[in-house]
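Accompanying notes for the structure given below.
In UniProt numbering, the protein residues as written are 1 to 341.
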């Protein structure tokens with residue numbers, strides 16, 4: 001993929017861009033037209049359907065990390081981060097330094113966008129060879145099962161990577177200095193502090209991962225899950241792991257939707273109001289030679305209520321070659337698990 005930066009926006013040369021995704025109907029519009037039916041393309045195979053018991057809060061619960069202690073250099077909290085990354089690959093962050101008002105404004109911006117008329121949202125629709133904008137990502141065939149979710153994806157950092165043709169310019173909350181940019185900047189600071197602590201745990205100085213990553217990029221994916229009359233038949237997002245470095249998720253405070261695979265079971269992640277969920281991505285798992293885990297996860301739907309979430313993906317420079325660090329490899333006790341990619 002060849003990219004050029006012109007006028008502060010990414011311009012793509014001929015090619016597939018960020019990946020092919022075929023256009024599909026808006027799930028919200030499907031529900032508005034017929035709230036009781038579920039089209040066949042959204043009905044999962046029996047083995048992939050969520051069980052009713054999986055939609056309820058259950059123990060064990062994922063670890064909780066106090067970000068304020070990490071930022072102060074607390075050794076005990078850093079050891080908790082190490083254990084959470086090894087055993088779970090997921091953890092909730094409290095006292096993350098992001099002002100509650102920023103979180104609420106971000107959620108309001110997302111809700112307001114998806115409440116727009118369909119024709120207005122289609123102005124920002126994904127191109128067939130891109131994954132930015134409004135639509136549903138990773139649709140590669142007419143036969144594949146679809147997720148019960150509409151999304152809006154924007155490249156947010158660094159600023160010169162933004163493609164403003166996908167930004168709803170009539171919304172002040174999506175303009176420069178608005179809710180989206182403020183939220184994007186603040187969660188990136190959280191990611192940087194977590195990376196600094198992971199660097200120390202990996203035997204480097206605080207800037208170790210930062211140097212290895214090159215110029216970190218951030219993509220915001222805003223997810224809208226309409227209510228579904230048969231939540232036992234569909235998935236909001238199909239099982240996957242994240243290819244980047246770290247992922248930060250702003251959940252709905254009231255509705256459980258995220259599930260992670262832990263010890264061969266799907267564990268619901270009960271939201272903690274005004275907090276973030278973070279998980280290890282594939283890039284960090286490779287660098288640390290599998291000591292930390294990039295865990296498979298998915299989202300389920302709710303029969304009565306809509307659900308909104310915002311995912312911030314931090315990922316490494318596209319042109320970098322990465323592989324296990326030499327300090328993480330021991331031919332006798334921990335052989336190299338990954339090739340360089």
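Note that beta-carbon positions come from the ideal geometry of N, C-alpha and C, so glycine has one too.
Given a cut-off of 7 Å, decide if residue j and residue i are closer than it, judged by their beta-carbon atoms.
{"i": "residue 93", "j": "residue 81", "result": "no"}
{"i": "residue 89", "j": "residue 289", "result": "no"}
{"i": "residue 148", "j": "residue 42", "result": "yes"}
{"i": "residue 180", "j": "residue 115", "result": "no"}
{"i": "residue 239", "j": "residue 296", "result": "yes"}
{"i": "residue 102", "j": "residue 22", "result": "no"}
{"i": "residue 299", "j": "residue 244", "result": "no"}
{"i": "residue 215", "j": "residue 317", "result": "yes"}
{"i": "residue 29", "j": "residue 146", "result": "no"}
{"i": "residue 256", "j": "residue 273", "result": "no"}
{"i": "residue 336", "j": "residue 324", "result": "yes"}
{"i": "residue 44", "j": "residue 320", "result": "no"}
{"i": "residue 77", "j": "residue 69", "result": "yes"}
{"i": "residue 96", "j": "residue 67", "result": "yes"}
{"i": "residue 292", "j": "residue 26", "result": "no"}
{"i": "residue 136", "j": "residue 31", "result": "no"}
{"i": "residue 249", "j": "residue 156", "result": "no"}
{"i": "residue 198", "j": "residue 38", "result": "no"}
Let me know if residue i comes out buried or exposed under the rule of 16 or more other beta-carbons within 10 Å of its beta-carbon.
{"i": "residue 237", "result": "buried"}
{"i": "residue 247", "result": "buried"}
{"i": "residue 57", "result": "Note on residue 57: pLDDT 49, under 50, position unreliable in the model; no value is reported."}
{"i": "residue 144", "result": "exposed"}
{"i": "residue 176", "result": "exposed"}
{"i": "residue 36", "result": "exposed"}
{"i": "residue 83", "result": "exposed"}
{"i": "residue 285", "result": "buried"}
{"i": "residue 302", "result": "buried"}
{"i": "residue 339", "result": "exposed"}
{"i": "residue 33", "result": "exposed"}
{"i": "residue 111", "result": "exposed"}
{"i": "residue 98", "result": "buried"}
{"i": "residue 79", "result": "exposed"}
{"i": "residue 75", "result": "exposed"}
{"i": "residue 322", "result": "buried"}
{"i": "residue 203", "result": "exposed"}
{"i": "residue 208", "result": "buried"}
{"i": "residue 308", "result": "buried"}
{"i": "residue 133", "result": "buried"}
{"i": "residue 330", "result": "exposed"}
{"i": "residue 328", "result": "buried"}
{"i": "residue 275", "result": "buried"}
{"i": "residue 184", "result": "buried"}
{"i": "residue 13", "result": "For residue 13, the predicted structure reports a pLDDT of 37, less than 50, and the residue's modelled location is therefore unreliable. The matter cannot be settled from this model."}
Taking 6 Å as the cut-off, does the CB of residue i come closer than this to any heavy atom belonging to the ligand ATP?
{"i": "residue 191", "result": "As far as ligands go, the structure on display features none, and thus does not contain the ligand ATP."}
How many whole angstroms separate the CB atoms of residue i and residue j, which I take to be in contact at a CB cut-off of 8 Å?
{"i": "residue 218", "j": "residue 312", "result": "6 Å"}
{"i": "residue 326", "j": "residue 282", "result": "Wrong, their Cβ atoms sit about 19 Å apart, outside the cutoff."}
{"i": "residue 107", "j": "residue 173", "result": "In fact, because the Cβ distance is near 11 Å, the residues do not count as touching under 8 Å."}
{"i": "residue 287", "j": "residue 212", "result": "7 Å"}
{"i": "residue 113", "j": "residue 164", "result": "Not really, about 15 Å apart at Cβ, beyond 8 Å."}
### Message
Give the list of continuous alpha helix (DSSP H) stretches no shorter than 4 residues that lie fully inside the UniProt domain "Fe2OG dioxygenase" (215-316).
### Response
282-287
### Message
Any contact between the segment 120-127 and the segment 182-197? By contact I mean 3 or more CB pairs, one from each, below 8 Å.
### Response
no
#### Entry: Touching by the beta-carbon criterion (3+ pairs, under 8 Å), the segment 214-232 and the segment 149-161
yes
#### Entry: Complete beta strand (DSSP E) runs within the segment 52-121 (minimum length 3 residues, chain order)
Counting only unbroken stretches of 3 or more residues, the beta strand (DSSP E) elements lying wholly within the segment 52-121 are 64-66 and 90-94, in sequence order.
### beta strand (DSSP E) runs contained entirely in the segment 118-154, provided each spans 3 or more residues
133-135
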